[in-house]
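Undergrad: Taking the working numbering, the leading residue of the sequence shown gets 383, the next gets one more, and so forth.
Structure below; questions to follow.
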Amino acid sequence: MNKKYRKTVIAGNWKMNMTASAVKPFIEELKAELPKTKTCETVLCVPGVIIPAMLRSGKDAKIGVGGQDVSKYEKGAYTGEVSAEMLEDLGVKYCIVGHSERREYHNESDFLVNEKAKALLAHNITPIICVGESLEQREMGLTMDYITYQVKAALSDINEAQVRKCIIAYEPIWAIGTGKTATAEQAQEVCKGIRAILREKYGARLARSVTIQYGGSMNAKNAEELLAQPDIDGGLIGGASLKPKDFAAIVKATAQE
Ligand code: PEP
Numbered sequence: 383m384n385k386k387y388r389k390t391v392i393a394g395n396w397k398m399n400m401t402a403s404a405v406k407p408f409i410e411e412l413k414a415e416l417p418k419t420k421t422c423e424t425v426l427c428v429p430g431v432i433i434p435a436m437l438r439s440g441k442d443a444k445i446g447v448g449g450q451d452v453s454k455y456e457k458g459a460y461t462g463e464v465s466a467e468m469l470e471d472l473g474v475k476y477c478i479v480g481h482s483e484r485r486e487y488h489n490e491s492d493f494l495v496n497e498k499a500k501a502l503l504a505h506n507i508t509p510i511i512c513v514g515e516s517l518e519q520r521e522m523g524l525t526m527d528y529i530t531y532q533v534k535a536a537l538s539d540i541n542e543a544q545v546r547k548c549i550i551a552y553e554p555i556w557a558i559g560t561g562k563t564a565t566a567e568q569a570q571e572v573c574k575g576i577r578a579i580l581r582e583k584y585g586a587r588l589a590r591s592v593t594i595q596y597g598g599s600m601n602a603k604n605a606e607e608l609l610a611q612p613d614i615d616g617g618l619i620g621g622a623s624l625k626p627k628d629f630a631a632i633v634k635a636t637a638q639e
């Protein structure tokens with residue numbers, strides 16, 4: 383499959399780290415390190431309260447800004463929630479949904495992930511839909527069965543025009559924040575499998591245009607090999623996105639694709 387049909391996207395996930403006042407110095411350091419690239423989009427998904435600061439500082443460095451979660455509801459009496467309309471109004475272009483930490487600590491179901499993805503699409507925001515198996519599932523040989531179920535559930539009632547806007551992030555749970563990266567072969571095998579699911583549901587033309595990321599302890603050292611795989615079109619980066627030099631090195635690694 384030819385990568386020229388899809389965007390390469392390196393997205394950082396700051397999780398619940400950093401503060402609004404840390405954004406400006408971070409972006410200044412990042413900007414000095416980032417390569418000039420027309421082929422890779424660089425995004426930082428930050429906590430909601432940090433989004434305005436990131437939009438201000440990131441603009442100059444051509445950093446896309448993303449949220450880390452969204453409400454499935456349009457508006458109303460949902461204390462503590464942030465709607466897709468609010469994110470759109472700020473100028474947010476991406477938002478993570480279904481991260482394994484939200485699935486685990488907030489009991490988010492595949493059904494809810496699908497509703498959140500649809501809420502974002504209705505407001506022109508690209509959902510970065512996370513899927514990934516546990517170590518137990520991998521060891522039982524259930525990886526592709528589980529990923530197939532998750533991808534199909536997340537894309538339920540999402541049409542062809544909408545799926546073009548989606549990013550799927552393959553994040554094996556056992557590799558997130560553990561320092562254990564999937565091998566390039568393991569990551570490629572699952573990302574290829576995800577593209578096959580897309581092909582079956584939406585056809586070959588559409589499947590080749592969807593960006594599929596790998597996430598799970600991606601860093602400056604292993605990024606090049608992972609990003610060189612034919613079905614890996616970028617990364618979702620946790621820990622390494624908190625260090626400007628390391629994050630920039632991952633963006634640089636996309637130039638080797
Ligand atoms: C993540 O949280 O999405 C992630 C991939 O984290 P890390 O890079 O730290 O494993």
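No residue lacks a Cβ here, since even glycine has one placed at the ideal position from N, Cα and C.
It should be emphasised that the depicted structure is a prediction, and the values quoted were computed from it without experimental measurement.
Short of 8 Å in beta carbon distance, which residues of its chain neighbour G492, apart from the five on each side in sequence? Order them along the chain.
TA: The identity of residue 492 in the sequence shown is Asp, whereas the question assumes Gly. Result list for D492: G480, Y531, Q532, A535, A536, in chain order.
Undergrad: Using only alpha-carbon positions, find the residue among I478, L624, G597, Y460 that is nearest to A566.
TA: Taking only the C-alpha atoms, the option nearest A566 is G597.
Undergrad: What are the start and end residues of the alpha helix (DSSP H) that includes I540?
TA: Counting along the chain, I540 falls outside any alpha helix (DSSP H), and DSSP gives it neither H nor E.
Undergrad: Identify whether E423 lies in helix, strand or coil by the three-state DSSP scheme.
TA: Three-state DSSP puts E423 in a strand.
Undergrad: According to DSSP, is V431 part of a helix, a strand, or is it coil?
TA: Helix.
Undergrad: Can you tell me the Cα-Cα spacing of R466 and G575, whole angstroms?
TA: It should be noted that the sequence gives Ala, not Arg, for residue 466. Approximately 30 Å between the Cα atoms of the pair.
Undergrad: With contact counted as at least three CB pairs below 8 Å, one residue from each stretch, are the region 442-455 and the region 496-504 in contact?
TA: Yes: the two stretches touch, three or more of their Cβ pairs being nearer than 8 Å.
Undergrad: Give the C-beta separation of I511 and I550 to the nearest angstrom, bearing in mind that I take them to be a contact with Cβ-Cβ under 8 Å.
TA: Rounded, the Cβ-Cβ distance is 5 Å, consistent with contact.
Undergrad: Going straight from the alpha carbon of R485 to that of I558, what length do you get?
TA: Cα to Cα, the separation comes out at about 13 Å.
Undergrad: Cβ of S599 versus every heavy atom of ligand 1: is any distance shorter than 6 Å?
TA: True, at least one ligand heavy atom lies under 6 Å from that Cβ.
Undergrad: Between the Cα of A630 and the Cα atoms of K386, M398, F408, A402, which residue gives the shortest distance?
TA: Measuring from the Cα of A630, the nearest candidate turns out to be F408.
Undergrad: Helix or strand or just coil, what does DSSP make of P509?
TA: In the structure shown, P509 sits in a strand (DSSP, three-state: E or B).
Undergrad: Spell out the partners DSSP gives Q568 in its beta bridges.
TA: According to DSSP, Q568 bridges with nothing at all.
Undergrad: Can you tell me whether G523 is buried or exposed, with buried defined as 16 or more other CB within 10 angstroms of its CB?
TA: Flag for G523 reads exposed.
Undergrad: What is the rounded straight-line gap between the Cα of R520 and the Cα of G430?
TA: Each residue's alpha carbon lies about 33 Å from the other.
Undergrad: Taking its Cβ as the centre, do 16 or more other Cβ atoms sit within 10 Å of Y460, making it buried, or is it exposed?
TA: Burial call: exposed.
Undergrad: Buried or exposed: T424, going by 16 or more other Cβ atoms within 10 Å of its Cβ?
TA: Counting Cβ neighbours within 10 Å, T424 comes out buried, since at least 16 surround it.
Undergrad: As an exercise, report each continuous alpha helix (DSSP H) stretch of at least 4 residues that is fully enclosed by the region 472-512, in chain order.
TA: Runs found: 482-487, 492-503.
Undergrad: Measuring only the C-alpha atoms, how far is T593 from A404?
TA: Distance between the alpha carbons of T593 and A404 is about 30 Å.
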